[in-house]
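Asks: Take a look at this one; I'll ask things after.
Protein chains: 2
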Amino acid sequence: MDKTYRSIKVIGFDADDTLWVNETYFREAEQEFCNLLNKFETPNKIDQELFKMEMKNLEYYGYGVKGFILSMVEMALELSNNTISNLTIAKIIDIGKDMINKPVELLDGVENVLKTLSNKYRLILVTKGDLLDQERKLEKSGLINFFHHIEVLSDKKEVNYTKLLRHLDIKPSEFLMIGNSLKSDVLPLINIGAEAIHVPFHTTWAHEEVPVNVHDNATYLTVSSLNDIIQLMS
Amino acid sequence: MDKTYRSIKVIGFDADDTLWVNETYFREAEQEFCNLLNKFETPNKIDQELFKMEMKNLEYYGYGVKGFILSMVEMALELSNNTISNLTIAKIIDIGKDMINKPVELLDGVENVLKTLSNKYRLILVTKGDLLDQERKLEKSGLINFFHHIEVLSDKKEVNYTKLLRHLDIKPSEFLMIGNSLKSDVLPLINIGAEAIHVPFHTTWAHEEVPVNVHDNATYLTVSSLNDIIQLMS
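These protein sequence lines are chains A and B, in that order.
Residue numbering for the first sequence follows the numbering used here, starting at 492 and increasing by one per position.
Residue numbering for the second sequence follows the numbering used here, starting at 492 and increasing by one per position.
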């Protein structure tokens with residue numbers, strides 16, 4: 492094991508796009524949304540405008556599918572200059588309900604990694620977004636018993652992690668976070684003196700992307716698959 | 492102090508309609524919604540149908556304002572036979588955003604009660620609904636420092652309370668819950684061997700109402716104001 496990780500006692504896992512597929516479903520939903528509005532704008536323009544609307548609404552709705560549905564409805568009204576049909580609005584709501592009903596598709600090797608690591612470390616799940624939605628996904632995933640604690644945060648900034656570690660009585664130096672988002676799962680941890688390993692997912696939501704200079708000074712490992720963690724931590 | 496409460500070490504408070512006004516804002520929103528749809532149906536019918544829609548959508552959206560907005564939009568499409576104007580849909584979304592932006596109005600005596608009780612007991616906040624929304628309200632309330640722990644649950648059933656008490660290492664016999672909802676804040680606690688005091692709010696959401704026979708055997712105190720708790724627990 493790399494000496495950096497010798498002090499680690501607790502490992503935190505992000506959920507969406509780290510343990511199971513999530514962003515893919517948002518990309519598919521955006522595609523369907525573009526198809527519904529294709530007589531008003533190009534897909535590229537619709538994507539851009541929808542993202543802006545989501546960012547504008549983030550302070551009201553936070554993360555998760557419900558806010559995404561509401562942003563799509565609002566976007567449809569705006570992009571169509573208030574000429575969108577009731578039928579299309581109903582279809583947009585259905586896109587959202589379909590997302591909520593998606594099965595949970597575990598990423599490669601997840602169960603084995605959690606099983607192996609849980610023999611040596613205390614594992615916790617640290618996710619953000621909609622409480623009910625995350626609980627439902629965890630339930631469907633069959634992974635709940637691997638975790639000593641489940642935390643759904645409204646955001647994943649330094650302050651949220653600091654509070655969480657204090658609440659669970661974990662020293663930053665004993666904590667390693669593993670996730671797909673540099674912005675949410677890696678950099679805030681490095682900044683509070685904990686460790687983090689980045690496991691990129693093939694798709695990243697624009698909101699989770701960080702400019703290169705933001706993490707120039709951060710030291711963290713990037714691995715290509717969750718499976719690589721087993722060797723690193725054994 | 493009543494002998495029942497001698498073993499109490501931790502007091503849990505519900506938030507919405509126990510510490511601050513909430514249901515009133517939903518009633519006002521429903522009123523505005525009825526006004527927007529008054530050419531399609533009577534207010535009474537609209538209220539009934541909206542409630543049914545909320546119940547149908549509860550499994551998808553859970554509790555909170557975002558699901559409520561989505562249910563209003565879906566209801567408007569349905570009640571108007573898909574003839575609702577884009578403008579009205581935009582207004583419905585605005586009703587929701589206005590709800591999210593409401594100031595937090597503390598109920599009578601709340602600060603004094605929390606301050607007094609916090610000298611003798613560990614206080615925790617136990618609420619359900621939308622995570623971000625509840626955090627935001629707590630922030631606005633100025634009450635956060637009275638609480639040792641904040642828990643936002645996706646539902647308030649026996650299983651949720653049992654998990655919470657286990658997680659916080661609190662024996663049911665040491666726990667007293669105080670809240671306005673018999674269904675969510677009182678009966679589940681009695682059923683798991685904890686104590687509960689009912690402080691009714693003048694308005695109760697139909698979903699939180701329980702038939703009389705459900706709580707025939709439960710023993711709990713009802714007080715007319717949170718202020719009465721001080722004397723009971725001192």
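Think of the CB as a built atom: it goes at the ideal place given N, C-alpha and C, for glycine as much as any other residue.
If the cut is a Cβ gap below 9 angstroms, which residues of chain B does A506 of chain A touch?
Replies: The contacting residues do not exist; A506 of chain A stays about 14 angstroms from chain B at best.
Asks: Is L528 of chain B helix, strand or coil by DSSP?
Replies: DSSP places L528 of chain B in coil when its eight states are reduced to three.
Asks: Out of A:P691, A:H698, A:Y551, which one is the CA nearest neighbour of I720 of chain A?
Replies: Checking every option, the nearest Cα to that of I720 of chain A belongs to A:P691.
Asks: What residues of chain E sit near N577 of chain A, judged by a beta carbon separation below 8 angstroms?
Replies: Within the model displayed, chain E is absent; protein chains A and B are what it includes.
Asks: Kindly indicate which residue of B:A687, B:V714, B:S675, B:I688 has the alpha-carbon position closest to the one of W696 of chain B.
Replies: Nearest C-alpha to W696 of chain B: B:S675.
Asks: Determine, using beta-carbon pairs with one atom in the region 612-621 of chain B and one in the region 633-646 of chain B, whether at least three such pairs fall under 8 angstroms.
Replies: Yes, since at least three Cβ pairs between the region 612-621 of chain B and the region 633-646 of chain B fall closer than 8 angstroms, the two stretches touch.
Asks: Counting only beta-carbon atoms, is K557 of chain B nearer than 9 angstroms to chain A?
Replies: Answer yes: the Cβ-Cβ gap between K557 of chain B and chain A drops below 9 angstroms somewhere.
Asks: Is the distance from the Cβ of K631 of chain B to the Cβ of V595 of chain B below 9 angstroms?
Replies: Against a cut-off of 9 angstroms, the Cβ pair of V595 of chain B and K631 of chain B comes out as a contact.
Asks: What is the rounded straight-line gap between the Cα of E700 of chain B and the Cα of K648 of chain B?
Replies: Approximately 14 angstroms between the Cα atoms of the pair.
Asks: Strictly below 7 angstroms CB to CB, what residues from chain B border A581 of chain A?
Replies: Simply L568.
Asks: Closest to K588 of chain B by C-alpha separation, out of B:K557, B:N610, B:K547, would be which residue?
Replies: Among B:K557, B:N610, B:K547, the Cα nearest to that of K588 of chain B is on B:K557.
Asks: Are the C-beta atoms of K500 of chain A and some chain B residue less than 9 angstroms apart?
Replies: No, no contact with chain B.
Asks: DSSP state of T618 of chain B, grouped into three classes?
Replies: Three-state result, T618 of chain B: strand.
Asks: Just tell me which of A:N592, A:E545, A:D646 has its CA closest to the CA of Y516 of chain A.
Replies: Cα-wise, what sits closest to Y516 of chain A is A:N592.
Asks: Nearest to Q539 of chain A by alpha carbon, out of A:Y554, A:S562, A:G553?
Replies: Among A:Y554, A:S562, A:G553, the Cα nearest to that of Q539 of chain A is on A:S562.
Asks: Which residue's Cα is closest to the Cα of S672 of chain B: B:S498, B:D507, B:Y496, B:R497?
Replies: That would be B:D507, whose Cα lies nearest to the Cα of S672 of chain B.
Asks: Please determine, among A:Y554, A:T533, A:F559, A:L597, the residue with the shortest C-alpha to C-alpha distance to S571 of chain A.
Replies: Checking every option, the nearest Cα to that of S571 of chain A belongs to A:T533.
Asks: Answer with buried or exposed for E565 of chain A, where buried requires no fewer than 16 other C-beta atoms within 10 angstroms of its C-beta.
Replies: By the 10 Å Cβ count, E565 of chain A comes out buried.
Asks: Taking 9 angstroms as the cut-off, decide whether the C-beta atoms of G670 of chain B and T495 of chain B are in contact.
Replies: For G670 of chain B and T495 of chain B, no; Cβs fall outside 9 angstroms.
Asks: Using DSSP with H/G/I as helix, E/B as strand and the rest coil, what is T713 of chain A?
Replies: In the structure shown, T713 of chain A sits in a strand (DSSP, three-state: E or B).
Asks: Run through DSSP, which three-state label would V564 of chain B get?
Replies: In the structure shown, V564 of chain B sits in a helix (DSSP, three-state: H, G or I).
Asks: Using only the alpha-carbon positions, how far apart do E758 of chain B and I586 of chain A sit?
Replies: No answer is possible for residue 758 of chain B: it lies beyond the span of chain B, which begins at 492 and ends at 725.
Asks: Chain B partners of S632 of chain A, CB-CB under 7 angstroms?
Replies: Simply none; closest approach about 16 angstroms.
Asks: Apart from the five residues just before and just after I575 of chain A, which ones in its own chain have a Cβ nearer than 7 angstroms to its Cβ?
Replies: The answer, listed in chain order, is A567, L568.
Asks: Sorry if obvious, but does the Cβ on E514 of chain A come closer than 8 angstroms to a heavy atom of the ligand FMN?
Replies: Questions concerning the ligand FMN fall outside what the structure shown contains, since it holds no ligand whatsoever.
Asks: Does the separation of the CB atoms of R497 of chain A and T694 of chain A fall below 9 angstroms?
Replies: Their beta carbons are not under 9 angstroms apart, which means R497 of chain A does not touch T694 of chain A by this criterion.
Asks: Can you have a look at H689 of chain B and say buried or exposed, based on whether 16 or more other CB atoms are within 10 angstroms of its CB?
Replies: Its Cβ being crowded by 16 or more others within 10 Å, H689 of chain B is buried.
Asks: Please identify the residue among A:H698, A:S716, A:T710, A:L622 whose C-alpha is closest to the C-alpha of K547 of chain A.
Replies: Ranking A:H698, A:S716, A:T710, A:L622 by Cα distance to K547 of chain A puts A:H698 first.
Asks: What's the call for G503 of chain A, buried or exposed, on a 16-neighbour Cβ count within 10 Å?
Replies: Answer is buried; the Cβ neighbour count reaches 16.
Asks: Using 8 angstroms for Cβ pairs, my map puts L678 of chain B next to F666 of chain B. What's the rounded Cβ distance?
Replies: The pair is not a contact, with the Cβ atoms about 15 angstroms apart (cut-off 8 angstroms).
Asks: My output table needs one value for M668 of chain B: the three-state DSSP class, helix, strand or coil.
Replies: Strand, per DSSP.
Asks: Threshold first: 3 residues or longer. Then list the beta strand (DSSP E) segments lying entirely within the region 624-664 of chain B, N to C.
Replies: Qualifying beta strand (DSSP E) stretches, in chain order: 640-644.
Asks: Along chain B, which residues have their Cβ under 9 angstroms away from the Cβ of Y711 of chain A?
Replies: Simply none; closest approach about 27 angstroms.
Asks: Just the chain A side, please: which residues come within less than 7 angstroms of I591 of chain B by C-beta, in chain order?
Replies: Here the neighbours are Y551.
Asks: Along the chain, where does the alpha helix (DSSP H) that runs through F692 of chain B open and close?
Replies: First-last for F692 of chain B: undefined, no H or E at that position.
Asks: Taking Cβ-Cβ distances below 9 angstroms as the criterion, which residues of the region 658-671 of chain B are in contact with chain A?
Replies: Residues passing the 9 angstroms Cβ filter: H658.
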